[in-house]
Amino acid sequence: MKTGNKKWKVAVVGCGGMGAAHIEALIDSGRAEIVSVVDIVGKKAREYKERYNAKRYSTDYEEEVRKNDIEIVIVTTLPSLHHQIVNSALSYDKNVLCEKPISNSLEGAMEIINAAKKSKGKVLIGHQLRYMEPWQTVIKELKDGIIGKPLVMRMTGNQQTFGEIWEGQKRLIIDTSPLIDCGVHYVDLMCLIVDCKAVSVYGQGINLDPLLPDVYYNYGLLQVKFADGSIGFYEAGWGPMMTQNAWCIKDFSGPKGSYSILYELDHNTPDNPPTVATYRLQKRLIPSTTCLWKDVMVSEKIITKNTEKGDSLKDEHNFFLDALENDISLEKYLIGAYESLKIVIAADRSIKENRVIYL
Ligand SMILES: NC(=O)c1ccc[n+]([C@@H]2O[C@H](COP(=O)([O-])OP(=O)(O)OC[C@H]3O[C@@H](n4cnc5c(N)ncnc54)[C@H](O)[C@@H]3O)[C@@H](O)[C@H]2O)c1
Numbered sequence: 001m002k003t004g005n006k007k008w009k010v011a012v013v014g015c016g017g018m019g020a021a022h023i024e025a026l027i028d029s030g031r032a033e034i035v036s037v038v039d040i041v042g043k044k045a046r047e048y049k050e051r052y053n054a055k056r057y058s059t060d061y062e063e064e065v066r067k068n069d070i071e072i073v074i075v076t077t078l079p080s081l082h083h084q085i086v087n088s089a090l091s092y093d094k095n096v097l098c099e100k101p102i103s104n105s106l107e108g109a110m111e112i113i114n115a116a117k118k119s120k121g122k123v124l125i126g127h128q129l130r131y132m133e134p135w136q137t138v139i140k141e142l143k144d145g146i147i148g149k150p151l152v153m154r155m156t157g158n159q160q161t162f163g164e165i166w167e168g169q170k171r172l173i174i175d176t177s178p179l180i181d182c183g184v185h186y187v188d189l190m191c192l193i194v195d196c197k198a199v200s201v202y203g204q205g206i207n208l209d210p211l212l213p214d215v216y217y218n219y220g221l222l223q224v225k226f227a228d229g230s231i232g233f234y235e236a237g238w239g240p241m242m243t244q245n246a247w248c249i250k251d252f253s254g255p256k257g258s259y260s261i262l263y264e265l266d267h268n269t270p271d272n273p274p275t276v277a278t279y280r281l282q283k284r285l286i287p288s289t290t291c292l293w294k295d296v297m298v299s300e301k302i303i304t305k306n307t308e309k310g311d312s313l314k315d316e317h318n319f320f321l322d323a324l325e326n327d328i329s330l331e332k333y334l335i336g337a338y339e340s341l342k343i344v345i346a347a348d349r350s351i352k353e354n355r356v357i358y359l
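Residue 250 in our numbering sits at position 250 of the sequence shown, and the numbers go up by one each step.
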């Protein structure tokens with residue numbers, strides 16, 4: 001496989017948190033050049049041009065994505081805008097890396113799938129976890145049945161946030177609920193692990209912020225049942241009132257044992273950016289259901305990642321750029337993004353209609 005000889009010419013649309021993370025990871029990898037940065041807010045676009053030494057900036061993505069010197073468009077706006085920006089780039093045969101979720105609606109997601117069929121450009125949706133080394137190990141081992149099946153999959157993504165970060169999350173909540181926006185990451189992993197369809201979903205959501213209108217919710221949970229009998233649980237809560245206790249539970253149980261990812265960051269408060277992330281992959285395999293603790297085979301693998309310079313995105317970027325350089329089809333990944341969106345959107349509907357949704 002060819003890798004890494006070319007320097008791809010990139011436009012980034014959306015100069016917010018994820019825009020910066022993608023730019024920093026790409027610059028650090030040496031595989032791309034940031035030609036253009038685009039934001040509807042001119043001040044932000046200009047600031048990113050200067051900060052990252054881009055060739056130019058713009059407030060109009062339509063104008064920018066059609067330009068001849070752009071080969072890849074990275075879409076890092078809020079989800080409700082994804083489909084129109086991605087489709088515009090695809091209509092000019094540009095390659096696109098779009099942040100997850102693929103869209104905030106199934107109609108928007110289907111429009112992207114259809115536009116991709118007509119374009120010479122390739123699209124990848126940024127489900128970054130599935131490309132990361134710790135998760136790749138976990139997915140493979142669980143899929144291969146290391147703890148048997150069916151599985152109980154418990155995941156949480158509660159974030160205690162304040163100030164600017166919380167203000168940004170509130171804007172995101174109004175655009176797309178945490179259960180859809182963040183849930184799609186973890187439901188995507190569940191789908192990869194069980195490798196079968198979801199059959200039913202139940203969701204609950206509640207608004208704990210007195211200033212946020214009650215049509216929105218800043219805490220949501222979902223339960224999903226898969227065709228092989230496995231069940232998944234995910235909860236996401238954002239804001240200053242969330243506890244830090246359940247911010248990152250990643251637990252799996254099966255007939256032959258349990259598997260956990262214990263995730264640690266080297267910071268003490270939400271305001272203090274971490275530099276190192278440690279993943280402890282902890283397995284407890286039981287030889288039989290009647291065994292005693294002394295018979296349990298306990299093992300731990302530790303993987304450390306530098307969290308600076310967008311390190312968590314580099315595996316995803318390498319996967320995408322390798323696919324472009326080797327003309328590998330990304331269609332099945334696009335369908336995967338649609339399938340996980342379908343489940344989290346059903347959970348959101350379940351909240352609104354107060355009933356179980358059968359898929
Ligand atoms: N992969 C992850 O772990 C992860 C983490 C956080 C967010 N995200 C995703 O990344 C995306 C962006 O999130 P964020 O936190 O960076 O948001 P953000 O609010 O920080 O940034 C979005 C930017 O888009 C700009 N924008 C709005 N309309 C635009 C338009 N028409 N043209 C150009 N720019 C426009 C805004 O001005 C803003 O600067 C979302 O889809 C979110 O779900 C992914």
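We treat Cβ as the ideally placed atom computed from N, Cα and C, and that holds for glycine. Quick caveat, the model's predicted, so the values are computed rather than measured.
Buried/exposed call for residue i, threshold 16 Cβ in 10 Å
i: Phe162; result: exposed
i: Trp293; result: exposed
i: Cys291; result: exposed
i: Asn87; result: buried
i: Asn306; result: exposed
i: Gln128; result: buried
i: Lys283; result: buried
i: Gln159; result: buried
i: Met297; result: exposed
i: Thr156; result: buried
i: Glu316; result: buried
i: Phe115; result: Checking the displayed sequence, the identity of residue 115 turns out to be Ala instead of Phe. When all chains shown are included, Ala115 counts as buried.
i: Lys49; result: buried
i: His267; result: exposed
i: Val41; result: exposed
i: Met190; result: buried
i: Cys15; result: buried
i: Ile335; result: exposed
i: Pro134; result: buried
Cα-Cα separation between residue i and residue j, rounded to whole angstroms
i: Gln362; j: Arg46; result: Past the edges of the chain, shown from 1 to 359, lies residue 362, and the structure says nothing about it.
i: Thr76; j: Cys98; result: 7 Å
i: Leu265; j: Val194; result: 28 Å
i: Trp8; j: Glu71; result: 7 Å
i: Asp144; j: Asp311; result: 28 Å
i: Lys94; j: Glu325; result: 14 Å
i: Tyr234; j: Tyr186; result: 7 Å
i: Ser119; j: Glu331; result: 12 Å
i: Glu64; j: Leu151; result: 47 Å
i: Glu167; j: Ile173; result: 10 Å
i: Lys225; j: Val138; result: 20 Å
i: Ile357; j: Gly19; result: 35 Å
i: Gln169; j: Asp214; result: 16 Å
i: Glu339; j: Pro240; result: 32 Å
i: Ile249; j: Gly17; result: 24 Å
CA nearest to the CA of residue i, picked from the options
i: Ala337; options: Ile328, Leu124, Lys118, Asp315; result: Leu124
i: Ala277; options: Thr290, Ile286, Tyr263, Gln160; result: Tyr263
i: Asp175; options: Leu330, Leu78, Lys118; result: Leu78
i: His83; options: Ile165, Lys100, Asn68; result: Lys100
i: Ala347; options: Asp322, Ile74, Leu330, Val199; result: Val199
i: Gly254; options: Gly19, Ile74, Met1, Gly148; result: Gly148
i: Trp238; options: Leu212, Ser258, Ser260, Phe252; result: Leu212
i: Asn53; options: Asp209, Leu281, Val138, Ala11; result: Ala11
i: Glu353; options: Leu281, Val201, Met242; result: Val201
i: Leu81; options: Ile102, Tyr57, Ile343; result: Ile102
i: Gly91; options: Leu341, Glu62, Leu106; result: According to the sequence shown, residue 91 is Ser rather than Gly. If we check each option's Cα against that of Ser91, Glu62 comes out closest.
i: Asn318; options: Ala32, Ile351, Leu359; result: Ala32
i: Val35; options: Asp69, Gly232, Gly17; result: Asp69
i: Ser288; options: Lys314, Lys256, Glu164; result: Lys256
i: Met132; options: Thr304, Leu334, Ala323; result: Thr304
Limits of the unbroken alpha helix (DSSP H) element including residue i
i: Asp28; result: 17-29
i: Phe226; result: Phe226 -> not in any alpha helix (DSSP H); beta strand (DSSP E) instead, spanning 219-226.
i: Ser350; result: 331-353
i: Phe320; result: 311-325
i: Gln169; result: 163-175
i: Lys117; result: 106-118
i: Ala236; result: No alpha helix (DSSP H) holds Ala236; the beta strand (DSSP E) holding it covers 231-239.
i: Arg280; result: That residue, Arg280, is in no alpha helix (DSSP H); its beta strand (DSSP E) goes 276-285.
i: Cys98; result: No alpha helix (DSSP H) holds Cys98; the beta strand (DSSP E) holding it covers 95-99.
Any chain C beta carbon closer than 9 Å to residue i
i: Glu141; result: Going by chain labels, chain C is absent from the structure shown, which holds only one protein chain.
Limits of the beta strand (DSSP E) - the one that residue i falls within
i: Trp371; result: Coverage of the chain is limited to positions 1 through 359, which leaves residue 371 absent and any answer about it impossible.
i: Glu33; result: 32-38
i: Gly257; result: 257-265
Check whether the segment 176-191 touches the segment 202-218, counting contact only when three or more Cβ pairs, one atom from each stretch, lie closer than 8 Å.
-> yes
Does the segment 217-228 touch the segment 101-114, meaning 3 or more C-beta pairs lie closer than 8 Å?
-> no
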